[in-house]
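2 protein chains.
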Amino acid sequence: MKIDPKSSADLSAQISQSIKSAIINGDLIVDQRLPSESELADHFEVSRPTVREALKRLAAQSLIRTQRGATGGAFVNRLSFEDAYAQQVTTSTLLLSMNEVSFQTACEARYALERACAPLSAQRRNADQLATMRAEIFRQGQPELSDEAFCASDVAFHRALVDGAANPVLSYQLAGAVEAMQPLMNMITFSARDRARIVALHCQIADAIDLGDGAAASDGLQALEKETLSLAQKVFETRSTKSPPPQAG
Amino acid sequence: MKIDPKSSADLSAQISQSIKSAIINGDLIVDQRLPSESELADHFEVSRPTVREALKRLAAQSLIRTQRGATGGAFVNRLSFEDAYAQQVTTSTLLLSMNEVSFQTACEARYALERACAPLSAQRRNADQLATMRAEIFRQGQPELSDEAFCASDVAFHRALVDGAANPVLSYQLAGAVEAMQPLMNMITFSARDRARIVALHCQIADAIDLGDGAAASDGLQALEKETLSLAQKVFETRSTKSPPPQAG
DNA sequence: ATGTTTTTATTTGTCTGACATTTAAAAGTC
DNA sequence: GACTTTTAAATGTCAGACAAATAAAAACAT
Numbered sequence: 009m010k011i012d013p014k015s016s017a018d019l020s021a022q023i024s025q026s027i028k029s030a031i032i033n034g035d036l037i038v039d040q041r042l043p044s045e046s047e048l049a050d051h052f053e054v055s056r057p058t059v060r061e062a063l064k065r066l067a068a069q070s071l072i073r074t075q076r077g078a079t080g081g082a083f084v085n086r087l088s089f090e091d092a093y094a095q096q097v098t099t100s101t102l103l104l105s106m107n108e109v110s111f112q113t114a115c116e117a118r119y120a121l122e123r124a125c126a127p128l129s130a131q132r133r134n135a136d137q138l139a140t141m142r143a144e145i146f147r148q149g150q151p152e153l154s155d156e157a158f159c160a161s162d163v164a165f166h167r168a169l170v171d172g173a174a175n176p177v178l179s180y181q182l183a184g185a186v187e188a189m190q191p192l193m194n195m196i197t198f199s200a201r202d203r204a205r206i207v208a209l210h211c212q213i214a215d216a217i218d219l220g221d222g223a224a225a226s227d228g229l230q231a232l233e234k235e236t237l238s239l240a241q242k243v244f245e246t247r248s249t250k251s252p253p254p255q256a257g
Numbered sequence: 009m010k011i012d013p014k015s016s017a018d019l020s021a022q023i024s025q026s027i028k029s030a031i032i033n034g035d036l037i038v039d040q041r042l043p044s045e046s047e048l049a050d051h052f053e054v055s056r057p058t059v060r061e062a063l064k065r066l067a068a069q070s071l072i073r074t075q076r077g078a079t080g081g082a083f084v085n086r087l088s089f090e091d092a093y094a095q096q097v098t099t100s101t102l103l104l105s106m107n108e109v110s111f112q113t114a115c116e117a118r119y120a121l122e123r124a125c126a127p128l129s130a131q132r133r134n135a136d137q138l139a140t141m142r143a144e145i146f147r148q149g150q151p152e153l154s155d156e157a158f159c160a161s162d163v164a165f166h167r168a169l170v171d172g173a174a175n176p177v178l179s180y181q182l183a184g185a186v187e188a189m190q191p192l193m194n195m196i197t198f199s200a201r202d203r204a205r206i207v208a209l210h211c212q213i214a215d216a217i218d219l220g221d222g223a224a225a226s227d228g229l230q231a232l233e234k235e236t237l238s239l240a241q242k243v244f245e246t247r248s249t250k251s252p253p254p255q256a257g
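Written out as structure tokens, the structure is:
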């Protein structure tokens, strides 16, 4: 584990990269303790604050955890699905909000991926998952529900659909696609009629899952994508002719 | 932007979280300059090193970039697809290597997601994409190719397939699923006959894309998944009866 | 001998103050 | 006006110190 003294990059960046590589290629294994900050400082021939900056970079990526005290130190962290999931949602959300991705592009990606889950989800459906889907559908039928809460329930419904595939890798990969759309959806105003159509499609999908019919669930998702797109188009047309660019909140 | 003095968490973690939230909910916009380190230190009532640790945490997530000099400082960074892509590959790779995910689970997720791209990719196919796919197929036919290079070419082939969907969000979401499998694939030894079967399926898929037949491409992927799984199963059976647990490298 | 308390050593967390380096703008010079 | 020099502001780095947490070791009491 060494750093290049001629490199122009920050020392802390070089050090964190060096340790990161060691973790990735297995030189440092899960729960292994790194040398203390002072030892690292000696090893890399830098000061302790510089080492600390490097370690904080790694901590920000959940690659290490630190513990104070006599037997404390920095330990290689087992990256959990939970941590990765949260990172994925944040990254995807920022990616969409910072890069002028069209609603259509994001929507297409999301539904393409969800349809990929449908057959597995239908095949492995379980009572919990179906109960969640039904509960969210019921919630979505309540007329007093705010648009924002309606969107949140929509996300919960789709998450249940995805998690039903009982494949944690799949759930993780889809986390971003499903949740990052929420801010975009929040820009839409759902009329009672809009909601009714969406709820009907949700029912159709839940029924298909219930019957173990993946193809039918996939068809339902396709219809839902079309519905969502047309709703969004209506909103953006109105916005572009009547008012300044959309502002979230 | 404030922090809780009663919290037990690290000050630098609190500060980075506070700034991160400000970025996510739009209080800080892309390319906006943050206050200088000294000003932030005054604002949060901490020392400059603590502020710096917080900023390094953000830099590690590509949320800010820093610039030295008179008009320098920390700026909110536009998260690029490229950056997000790299993050996604690293995270997915570590997730698989640290969590005893079965080959089958990872494989299932990967091919399910790839099949989701097939129809779009077939519909929007272009000369570049097809040329890449054909070139990788040719490379895979060279007998002197090492197993590792064969796997790398395999990844390149699949990336071309995914990128053919011409949806950057989709490409980003699939980056992890496709590339994180490579270390797992590298544990497999491909006989000449194995390679021939895989190349044949790659041809079948490329032809289907060429013809704009998404369903056929999807079928090809399904066959390839089955082939890959049976290969892997063969390897793991041999390993478990004849030798100690697999060790990469 | 055993259980409890105290001490001690180690490690991370934080602060202060300083200097080096980079960079763009301002001031000076021809 | 064009070029050079100076200056100021910002990040990057360092050194040394103290605070706080924590577990092990030592001391003590029973």
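From first to last, the protein sequence lines are chains X and U. Its first residue numbered 9, the first sequence is counted upward by one per residue in our numbering. Its first residue numbered 9, the second sequence is counted upward by one per residue in our numbering. Every residue, glycine too, gets a C-beta built ideally from N, C-alpha and C.
Residue nearest to residue 223(X) within the set 196(X), 238(X), 122(X), 19(X) is 122(X) (criterion: CA-CA distance).
In the three-state reduction of the DSSP assignment, residue 197(U) falls in the coil class, being assigned neither a helical nor a strand state. Within its own chain, the residues whose Cβ lies closer than 8 Å to the Cβ of residue 36(U), once the five positions on either side in sequence are excluded, are 27, 30, 42, 84, listed in chain order.
DSSP places residue 11(X) in the coil class of the three-state scheme, outside both helix and strand.
Within the segment 87–101 of chain X, the residues whose Cβ lies closer than 8 Å to some Cβ of chain U are 87, 88, 89, 92, 95, 96, 98, 99, 100, 101, listed in chain order. The criterion of a C-beta distance shorter than 8 Å is satisfied by residue 217(U) and residue 138(U).
DSSP places residue 75(X) in the uninterrupted beta strand (DSSP E) bounded by 72–75. Put simply, the CB of residue 175(X) is near chain U, with a gap under 8 Å to one of its CB atoms.
Residues of the segment 108–121 of chain U that bring their beta carbon within less than 7 Å of a beta carbon in chain X comprise 109, 113, 114, 116, 117, 120, 121, in sequence order.
Fewer than three Cβ pairs drawn from the segment 197–215 of chain X and the segment 103–118 of chain X lie within less than 8 Å of each other, which leaves the two stretches out of contact.
The C-alpha of residue 187(X) is placed about 17 Å away from the C-alpha of residue 108(X).
Under the Cβ criterion of 8 Å, residue 106(X) is counted among the residues facing chain U. Taking each of 68(U), 48(U), 76(U), 80(U) in turn and checking the Cα distance to residue 23(X), the smallest one comes out for 68(U).
For residue 154(X), there are no C-beta contacts with chain U under 9 Å, since the nearest C-beta of that chain is about 18 Å from it. For residue 233(X), the closest Cβ of chain U is not nearer than 8 Å. Within chain X, the C-beta atoms nearer than 8 Å to that of residue 181(U) come from 100, 117, 121, 181, 182, 184, 185, in chain order.
Per DSSP, residue 173(U) is not a residue of any alpha helix (DSSP H), being assigned neither H nor E. DSSP places residue 139(X) inside the alpha helix (DSSP H), whose first and last residues are 135–149.
For residue 49(X), the enclosing alpha helix (DSSP H) covers residues 45–52. CA-to-CA, the gap between residue 148(X) and residue 93(X) works out to about 25 Å. Cβ neighbours of residue 89(X) within its own chain (closer than 8 Å, five residues either side excluded): 176, 179, 180. In the three-state scheme derived from DSSP, where H, G and I count as helix and E and B as strand, residue 222(X) is classed as helix. Approximately 4 Å separates the beta-carbon atoms of residue 129(X) and residue 172(X); this is inside 8 Å, confirming the contact. For residue 59(X), the enclosing alpha helix (DSSP H) stretches over residues 56–68. With respect to residue 60(U), residue 45(X) sits apart: the two C-beta atoms are not nearer than 8 Å.
Closer than 8 Å to the CB of residue 125(U) there is at least one CB belonging to chain X.
Boundaries of the alpha helix (DSSP H) harbouring residue 97(X): 89–106, taken from the DSSP string.
Taking every protein chain shown into account, the CB of residue 64(X) has 16 or more other CB atoms within 10 angstroms, so this residue is buried. For residue 21(X), the enclosing alpha helix (DSSP H) covers residues 19–32. The alpha carbon of residue 13(U) has as its nearest neighbour, out of 48(U), 77(U), 53(U), the alpha carbon of 53(U).
In the three-state reduction of the DSSP assignment, residue 186(U) falls in the helix class.
Residue 55(U) and residue 18(U) have their C-alpha atoms some 13 Å from each other. Of all alpha-carbon atoms in 58(X), 48(X), 9(X), the one lying nearest the alpha-carbon of residue 21(X) is that of 58(X). Within chain X, no residue has its CB atom less than 9 Å from the CB of residue 240(U), the nearest being about 15 Å off. Annotation: the continuous beta strand (DSSP E) that includes residue 82(U) extends over 81–84.
The continuous stretches of alpha helix (DSSP H) do not include residue 16(X), and DSSP gives it neither H nor E.
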